[in-house]
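Asker: Numbering (the UniProt record's numbering), first residue to last: 1 to 45. Glycine included, every Cβ here is placed at the ideal spot set by N, Cα and C.
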Amino acid sequence: MFAIISDIHSNLEALTMVLADIEKRGIERVRGKFAIDLQQQGQLQ
Numbered sequence: 001m002f003a004i005i006s007d008i009h010s011n012l013e014a015l016t017m018v019l020a021d022i023e024k025r026g027i028e029r030v031r032g033k034f035a036i037d038l039q040q041q042g043q044l045q
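1) In the DSSP assignment, the beta strand (DSSP E) including residue 65 goes from what residue to what residue?
2) If I follow the unbroken beta strand (DSSP E) through isoleucine 5, where does it start and stop?
3) So, serine 6 versus glycine 32, is the Cβ gap smaller than 8 Å?
4) What separation, rounded to the nearest whole angstrom, lies between the Cα atoms of arginine 29 and isoleucine 4?
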């Protein structure tokens, strides 16, 4: 199972809650716009 996150828009409180929920559910893969940004910067394989 994986989670998809997008449109964070500097909302740290909401992001923290979403990440906690992802961890609680045991999800190990996360995809979203941020992953594409990191990949373009060479930080993600």
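Answerer: Short version:
1) Shown here, the chain extends from 1 to 45; a query on residue 65 therefore has no answer.
2) Here the beta strand (DSSP E) through isoleucine 5 covers 2 to 5.
3) In this structure, glycine 32 lies closer than 8 Å to serine 6 by Cβ.
4) Each residue's Cα considered, the two are about 9 Å apart.
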